[in-house]
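Inspection log for the structure reproduced underneath, given as structure tokens.
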DNA sequence: CGCGGGTTTGATGATGCTCAAGCCCGGTGG
DNA sequence: CCACCGGGCTTGAGCATCATCAAACCCGCG
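So, in structure tokens, the structure goes:
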């Protein structure tokens, strides 16, 4: 149950067996069925979730009831609404499962205690956040600089197998375009190239 | 010269005078004139910069020579291309001064040594990154969910005095719209409401 | 076999872009 | 002190991209 997490940690910091055990003890395992919520708009985000297996998404629903996908999370990724998690304000986002999933949950008090008892984990989280920030920044640049078609091509280059795992509407929502537009772009690319 | 930095640190972790001194010793002060580059596309980003005074911006230039503003940085903010900084790959972005500025620069080796000698700074940087990530995430949601007008209003609510400090074209570029469109939006808002 | 979610296709329209011109204002030099 | 210059902002006309709405289609599953 903790293999993926242990691997993720060991890639970034060195922990001995005891520390790793201790670390693991702060997490709560949880299984989620496809379509099940981990977080609903209006609730406080009580966990950051590490994905051992499966796939989740976080998204925002605007006033016209349109969903806008903020993030995918597959095996080895983290997902949460950090703002709500840290401030304990109600979240404006939703998180749910795109596939049946196995998670490891960390509450805010558990994280705080973990960081006290295993200070090396500060480093783990710092490095993690650094990578997330770089990815988010890329996404901002992408949304500012490229056309819908270019954004789609870049996404496919970065995550070639994503289309096997998530529906096209999810990808469209992630790219900030409608499913119809994505469908036309794909047709375009498939034919004339 | 280090007041703003010291304040930023003390807001997040407790350092005694010695630690603070030691910390400061890893930074190199630098002044930048308006329009001067800190980083140019193609160069490796050798510093993360802390802004003691003035204002900078990071931006990307697309193949049609259009600038897209990634981030503003005023007093108390950090700026860099983290990807290039960490990987030592050439950067795809530019950073320059919007106003005369005073910076404190941290190289990658200096940062590593700092973190070894003052491990509490892991926590400082973690918290910092957490906040940056939340801000970036908001920006993604904003770019996906709102119209140009809504994005502009939200920006003005979040940073009411930004328009006193940076030209409208910079704001337009940050919002992902043309200066013409921003001008029309402002006219709209000023008149009819 | 038929239902339902996801994808495709078509017709129409809105939002924001492009290009081009004019304007405002502060700074500089004659 | 005034004329000129240049950068930034505004305005207008035409246009491209992508959204909307509606219908048909595809296919896996009960």
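Residue numbers (the UniProt record's numbering), protein chains in the order written: chain R, 1 to 193; chain B, 1 to 193.
A virtual CB, placed ideally from N, CA and C, is assigned to each residue, including glycine.
Note that the structure is a prediction, hence the values are computed from the model and not measured.
beta-carbon residue i near the ligand MN non-hydrogen atom, thresh 8 Å
i             : result
residue 172/R : With respect to the ligand MN, the structure shown offers nothing to examine, as it has no ligands at all.
Nearest to residue i (by Cα), restricted to the options the options
i             : options                       : result
residue 179/R : 189/R, 167/R and 190/R        : 167/R
residue 114/R : 133/R, 24/R, 57/R and 144/R   : 24/R
residue 90/B  : 165/B, 147/B, 155/B and 41/B  : 41/B
residue 159/R : 144/R, 126/R and 171/R        : 171/R
residue 147/R : 182/R, 133/R and 163/R        : 182/R
residue 39/R  : 145/R, 52/R, 3/R and 94/R     : 94/R
residue 98/R  : 127/R, 154/R, 72/R and 135/R  : 72/R
residue 101/R : 156/R, 112/R and 78/R         : 78/R
residue 184/B : 104/B, 26/B, 81/B and 152/B   : 152/B
residue 44/R  : 50/R, 92/R, 9/R and 59/R      : 92/R
residue 54/B  : 165/B, 186/B, 112/B and 177/B : 165/B
Residue-chain proximity (residue i, chain R), Cβ-Cβ < 9 Å
i             : result
residue 138/B : yes
residue 42/B  : no
residue 86/B  : yes
residue 193/B : Bear in mind that the predicted position of residue 193/B carries a pLDDT of just 47, short of 50, making it too unreliable to give a figure here.
residue 108/B : no
residue 4/B   : no
residue 171/B : no
residue 91/B  : no
Residue i classed as buried or exposed, judged by whether at least 16 other C-beta atoms fall within 10 angstroms
i             : result
residue 83/B  : buried
residue 88/B  : exposed
residue 28/R  : exposed
residue 21/B  : exposed
residue 47/B  : buried
residue 33/R  : exposed
residue 142/R : buried
residue 18/B  : exposed
residue 124/R : buried
residue 191/B : exposed
residue 37/R  : exposed
residue 193/B : Unreliable placement is indicated for residue 193/B, whose pLDDT of 47 sits below 50; no coordinate value is reported for it.
Interface flag, residue i vs chain B, CB-CB below 9 Å
i             : result
residue 95/R  : no
residue 134/R : yes
residue 183/R : no
Quiz prompt | Contact list for the segment 115-132 of chain B against chain R, Cβ threshold 8 Å | solution = 115, 119, 122, 123, 125, 126, 129, 130 and 132
Quiz prompt | Contact residues within the segment 46-76 of chain R, judged by C-beta distance below 7 Å to chain B | solution = 60, 62, 68 and 70
Exercise. Determine which residues of the segment 7-35 of chain B have a Cβ less than 7 Å from any Cβ of chain R, and write them out in chain order.
Key: none
Quiz prompt | Cβ-based contacts, 7 Å cut-off: residues of the segment 136-168 of chain B near chain R | solution = 136, 137, 139, 140, 141, 143, 144 and 145
Exercise. Ignoring anything shorter than 4 residues or poking outside the segment 124-163 of chain B, list the alpha helix (DSSP H) runs there in chain order.
Key: 148-158
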